[in-house]
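In order, the protein sequences belong to chains A and B. Everything in the first sequence is counted per my numbering, starting at 65 for the first residue and increasing by one. Everything in the second sequence is counted per my numbering, starting at 13 for the first residue and increasing by one. Here a beta-carbon is modelled for each residue, glycine too, at the ideal position from N, C-alpha and C. All values reported here derive from a predicted model rather than from experimental measurement.
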Amino acid sequence: MAVAGVPAANSTLALELSGIHKHFDAFHALKNIELTVHRGEFVCFLGPSGCGKTTLLRIIAGLEVQSAGTIRQGGRDISRLPPADRDYGIVFQSYALFPNLNVFENVSYGLVNRRAPKGDITKRVNELLKLVGLPDSGAKFPGQLSGGQQQRIALARAIATSPSLLLLDEPLSALDALERVRLRQEIRSLQQRLGITTIMVTHDQEEALSMADRIVVMNHGVIEQVGSPLDIYREPASPFVVDFVGKANVLEGKVISPGHLQIGSVTLACEQCVNVGHTVKAYLRPEDIVARPISDGDANVIDAKIDKIEFLGSYCLVRVSTDGLPTPLTVYLSLNFLAEQTLEQGSRLKLRILTERLRLFGA
Amino acid sequence: MAAVIDSGGLKAVRQRVHWTDRIGHAVLILIAAVLFAFLAAPLAAILMQSVENKDGAFVGLDNFIAYMQTAALRQSLWNSVWVSATVTLIAVPAAFLFAYALTRSCMPLKGLFRTITLTPLLAPSLLSAISFIYWFGNQGVLKDAMRAVGIASIYGAPGIIISEIFSVFPHALMILVTALSLADARLYEAADAMGTSAARKFFTITLPGAKYGLISAAMVTFTLVMTDFGIPKVIGGNFNMLATDIFKLVIGQQDFQKGAVVGFILLAPALLTFFVDRFVQRKQTSMLTARAVPYSPKKSRGYDIAMTAYCLLVVAGMLAVLGMAVFASFVKFWPYDLSLSTRHYAFGLLDGEVGTAFITSLKLASATAFFGTVIVFVGAYLIEKTRDLDWLRPIVQLLALLPMAVPGLVLGLGYIFFFNAPANPLNGLYQTLTLLVLCTIVHFYTTGHLTAVTALKALDSEFESVSASLKVPFYKTFWRVTLPICAPALIDIARYFFINAMTTISAVVFLYSPETKVAAIAILNLDEAGEIGAAAAMAVLIAAVSTLATIMFLGLGWLVNRRTQAWRRPAAS
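Structure (structure tokens):
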């Protein structure tokens, strides 16, 4: 844990939040948030709307005041500082570009206030515009740019004064799908090049998984899990995380003997099933039910019948009912596989459950 | 506010305030103080007066009881009520039909019709009374025709009613045009698809849609008539109404207590209107969703011709009233020598001291437009866009909306009670131009405030957050971003203040001294002295100046738009 007043000892810590609470009248928006962010890290706050992620970001920015708790940035206690005395750049979902100022004036807005020489400002703005891929747009007004271009300018404005922390509040959600995916990678590579500590708020799990070094999954004002995208996906810490990030089949079963889980009339071999007699909910990702390779003698193979095929492009979401399991399963099958095997609605096939990937939670 | 903390009873965290934000707080407190001293305190003074006797002792409701026991005063109350109700019953349906023609027909010349019907706003309301005296008065052109339909004399209720209809028409029209333009075309298309008759569409879609606008227009009209001073003064003869009573009681008889009681009675319908209007506006906005498709009328020959005929009739009436005032102002000696001359203008400006009054009016209007716009806009900005001082914000908000509910006469009365009191340190302001300016700003504060708030709400709410993160003080962003973007709204506010300051009588009638007499009041004095020709001339002159000012403000708006609104235009590629 952080030691107060000794910044040198924690030089890799960019931000430390401890005991953060936020009340809006009777509503408890944030409950005892503890979080540390390392220098140069890209952290995503991920959660459904109303989970408190934007409130937490605004508290870090000083735009909201926490009801309790402390915030340290680079070892310095900033809990009570007004926004203007903190060190960060921020990009909002609405961009919040000044519509009556041109792109150059927008990007230089914070620089001019620092009384830098004019030549330096021009040089810096041109550098920034090149960095965000809009080198010749200085004379244009924001209204003359596309949404994606406006968001790039907002980003340039936020990093113009070289803050040590960049805050992004759902920066991509107002953009169309293609632009969103493109800008995702641009922001990520820009962040890595500059090495700037970044916190992004998003409700889009794909965005979080593809951009973040670490994801903070939030729900109802508490942190459900903090971890790398792979951790969050592969080893979700709670049923909420499994549900919110990716798709999952939920199977209710009982551990009947060490290493054996019974679901319906099917018994699966499962190493992590140790608490004999416990009723559990087993969460299983669609991709952890495979159609090949399956060889004779493989464990955990079940017979299934295709109920419905939902075409999603290169692969299909297939709903199958199995012999023995009480509920139907959702699996991913590639378009090529379905074609090769001439599978269609009503066809039968064998599926193998990768039980080492089962996540068990108490029922 | 202290939040409930369940984590070990810690004290709520309070953010330090940046020094630049303290500037904003100081200005907000200053504006609150101004509104308090020049609005809340005078109103409180009326309340105090109404429950005290002449020696300042508390007497409860005695003044109200004494008032109700005076038969003459009861008669005035009844007169005010039935005259206001009659005007409302005639003006609102007439304005509704006119608004319907403007919004729901393919009538030609809509813009021209609308502009002409709004012209009464440019002159003091008494202009119409003067004009009707020329039409129907003792030496009126159509006096005999009037006698033939059974009206013995225009002086009194008939004159007041017809003059008020003319002067409130544009107010009702503006509200109803807004209400009727909020139509959703999809409802009419759905009705058409089901084969609904035109009459049924009118009663099931149009009328319910405009219901709140109608309520609002009726209440506003009623209140305007109830509290108008100029028209009953000029054409009322011996017909007493509350608004003229209050003047006689306070200025004539120095009976402040009864004056305060009348002030209270006048405040009641205005307050009611205010709250109904607030309620209605909330309903009205929630009715129209973002997905509504604006209605556009289809051509229909017979209907369009009927609508055009009606509008022509109304416009002809308007022009007859305005035209008569203009014509009479140039007539040498009504009705004996109808040759034209400018002698009324010369007399009014020179002998009638209206010349100096005009200069005072222009000073008043300019100062009100400038300082009013500054106070209103800065106030609205600080309420909408800055942080902290959360206890003060709702108070300032309420004080900003309150003037809409306070008739000018009542405000002026409050000013006498409050500023004329020798113990008041602000007593030195009494009868000065400064006080007239402040009174006029407060009187017309709400409309300007609402215009400013609407303009500010259209701005991204994160501009201030972005500025703070870039360490730019709020006042720089206000100057470089907020102000230029809101420039068109600022010009609207300034124009509104200017025109109203030129034409208002009600509040300032209590507050002027010989040195600070404004033109609209000089006209009243001319009329009292029997110089009706000069009064007409001066009223026309005010209308001319207001028109000129409107054109100048429009020109200014055009120039400012070119400078500050370039970003709204698409790129020249």
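Review point. By how many angstroms is the C-alpha of A/Gly83 removed from the C-alpha of B/Gly20?
Key: Annotation note: pLDDT 44 at B/Gly20 (below 50); position unreliable, no value reported.
Review point. Nearest chain A C-beta to B/Phe181 closer than 8 Å, yes or no?
Key: Taking 8 Å as the CB threshold, B/Phe181 stays off the interface with chain A.
Practice item. Could you give the DSSP three-state label for B/Tyr322: helix, strand or coil? Key: Note: B/Tyr322 maps to helix in three-state DSSP.
Exercise for review: Could you run through the stretch 119–141 of chain A and flag, in chain order, every residue whose CB is less than 8 Å away from some CB of chain B?
Suggested key: Under the 8 Å Cβ criterion, the stretch 119–141 of chain A contributes Ala125, Gly126, Leu127, Val129, Gln130, Ser131, Ala132, Gly133.
Review point. By DSSP, does A/Lys95 sit in helix, in strand, or in coil?
Key: Looking at A/Lys95 - three-state DSSP - the assignment turns out to be strand.
Exercise for review: Determine whether the Cβ of A/Asp149 lies closer than 8 Å to any Cβ atom of chain B.
Suggested key: Yes, A/Asp149 counts as interfacial toward chain B.
Review point. Using a C-beta to C-beta distance shorter than 9 Å, which residues of chain A count as neighbours of B/His30?
Key: Against B/His30, the close residues of chain A are Leu145, Pro146, Pro147, Ala148, Asp149, in the order they occur along the chain (beta-carbon pairs closer than 9 Å).
Check your understanding: Which chain B residues are close to A/Phe205, counting only those with a beta carbon under 7 Å from its beta carbon?
Key -> By Cβ distance, chain B contributes Trp579.
Check your understanding: Cβ of B/Ile497 less than 8 Å from any chain A Cβ?
Key -> B/Ile497 belongs to the set of residues whose beta carbon lies under 8 Å from a beta carbon in chain A.
Review point. Is the Cβ of A/Pro199 closer than 8 Å to any Cβ of chain B?
Key: Not closer than 8 Å to any Cβ of chain B, the Cβ of A/Pro199 fails to qualify, so no.
Review point. Can you give, in chain order, each stretch of the alpha helix (DSSP H) that sits fully within the stretch 34–62 of chain B and has at least 4 residues?
Key: The qualifying runs are 53–62.
Practice item. Check whether the stretch 338–345 of chain A touches the stretch 316–323 of chain A, taking contact to mean three or more Cβ pairs, one atom from each stretch, closer than 8 Å. Key: Because the criterion of three Cβ pairs below 8 Å is met, the stretch 338–345 of chain A and the stretch 316–323 of chain A touch.
Exercise for review: Provide the residue span of the beta strand (DSSP E) that contains A/Cys380, from first to last.
Suggested key: Unbroken beta strand (DSSP E) run through A/Cys380: 379–386.
Practice item. On a CA-only basis, which of A/Asp387, A/Lys372, A/Pro390 is nearest A/Pro397? Give me that one, please. Key: Sequence check: residue 397 of chain A is Leu here, not Pro. Cα-wise, what sits closest to A/Leu397 is A/Lys372.
Check your understanding: How about B/Ile511 and B/Leu133: do their beta carbons lie closer than 8 Å?
Key -> For B/Ile511 and B/Leu133, yes; Cβs fall inside 8 Å.
Check your understanding: Which of the three DSSP states, helix, strand or coil, is assigned to A/Tyr396?
Key -> Strand at A/Tyr396.
Point to revise | From B/Gly314, B/Val326, B/Trp31, residue whose alpha carbon lies closest to that of B/Pro105 | key: Of the candidates B/Gly314, B/Val326, B/Trp31, the one whose C-alpha sits nearest the C-alpha of B/Pro105 is B/Val326.
Exercise for review: Write down the C-beta distance between A/Phe156 and A/Asp233 rounded to the nearest angstrom, noting that I regard them as a contact closer than 8 Å.
Suggested key: Yes, they are in contact, since the Cβ atoms of A/Phe156 and A/Asp233 sit about 5 Å apart, within 8 Å.
**Study point:** Own chain residues within Cβ distance below 7 Å of B/Ser585, not counting five before or after
**Key:** Bear in mind that a pLDDT of 41 at B/Ser585, under 50, signals an unreliable position, so the model cannot answer this.
Exercise for review: Put A/Ala333 into one of helix, strand or coil per three-state DSSP.
Suggested key: The three-state secondary structure of A/Ala333, taken from DSSP, is strand.
Point to revise | Any C-beta of chain B under 8 Å from that of A/Ala68 | key: With a pLDDT of 41 at A/Ala68, under the threshold of 50, the modelled position of that residue is not reliable, and no figure is offered here.
**Study point:** Distance between B/Ala412 and B/Phe287 (C-alpha atoms, nearest Å)
**Key:** Here the alpha carbons of B/Ala412 and B/Phe287 stand approximately 14 Å from one another.
Check your understanding: Exposed or buried, A/Glu390, counting other C-beta atoms within 10 Å across all chains shown (16 or more means buried)?
Key -> Reading off the sequence shown, one finds Pro at residue 390 of chain A, where the question assumed Glu. Looking at its Cβ environment, which holds fewer than 16 other Cβ atoms inside 10 Å, A/Pro390 is exposed.
Practice item. Write down the C-beta distance between B/Ala369 and B/Val530 rounded to the nearest angstrom, noting that I regard them as a contact closer than 8 Å. Key: Yes, they are in contact, since the Cβ atoms of B/Ala369 and B/Val530 sit about 6 Å apart, within 8 Å.
Practice item. Would you kindly report the start and end of the unbroken alpha helix (DSSP H) that includes B/Leu185? Key: Where B/Leu185 is concerned, the enclosing alpha helix (DSSP H) stretches over 169–193.
Practice item. Can you give me the Cβ contacts of A/Ala68 inside the same chain, cut-off strictly under 6 Å, excluding the 5 residues immediately before and after it? Key: Caution applies to A/Ala68, whose pLDDT of 41 falls short of 50 and renders its modelled position unreliable; the value that the coordinates give is listed next. So no residue of the chain qualifies.
Exercise for review: Would you verify that the beta carbon of B/Thr576 is, or is not, closer than 8 Å to some beta carbon of chain A?
Suggested key: Cβ-Cβ to chain A under 8 Å: yes for B/Thr576.
Review point. What separation, rounded to the nearest whole angstrom, lies between the Cα atoms of B/Ser341 and B/Met514?
Key: Going by the C-alpha atoms only, they are around 19 Å apart.
Point to revise | Residue-chain proximity (B/Leu133, chain A), Cβ-Cβ < 8 Å | key: No, no contact with chain A.
Review point. In terms of residue numbering, what span does the beta strand (DSSP E) encompassing A/Ala132 cover?
Key: That run of the beta strand (DSSP E) goes 132–137.
Point to revise | Contact with chain A by B/Val572, beta-carbon distance below 8 Å | key: With 8 Å as the cut-off, B/Val572 does not count as an interface residue toward chain A.
Point to revise | Endpoints, the beta strand (DSSP E) within which A/Thr343 is located | key: It spans 343–348 - the beta strand (DSSP E) in which A/Thr343 sits, taken as one unbroken run.
Check your understanding: B/Leu233 and B/Ala417 look like a contact to me (Cβ under 8 Å); what is the Cβ gap, rounded to whole Å?
Key -> The identity of residue 233 of chain B in the sequence shown is Thr, whereas the question assumes Leu. Between B/Ala417 and B/Thr233 the Cβ distance is about 15 Å, and since that is not below 8 Å, they are no contact.
Review point. By DSSP, does B/Thr32 sit in helix, in strand, or in coil?
Key: In the structure shown, the three-state DSSP call for B/Thr32 is helix.
Exercise for review: Using a Cβ-Cβ cut-off of 8 Å, state whether B/Glu64 counts as contacting chain A.
Suggested key: Not one chain A Cβ lies under 8 Å of B/Glu64.
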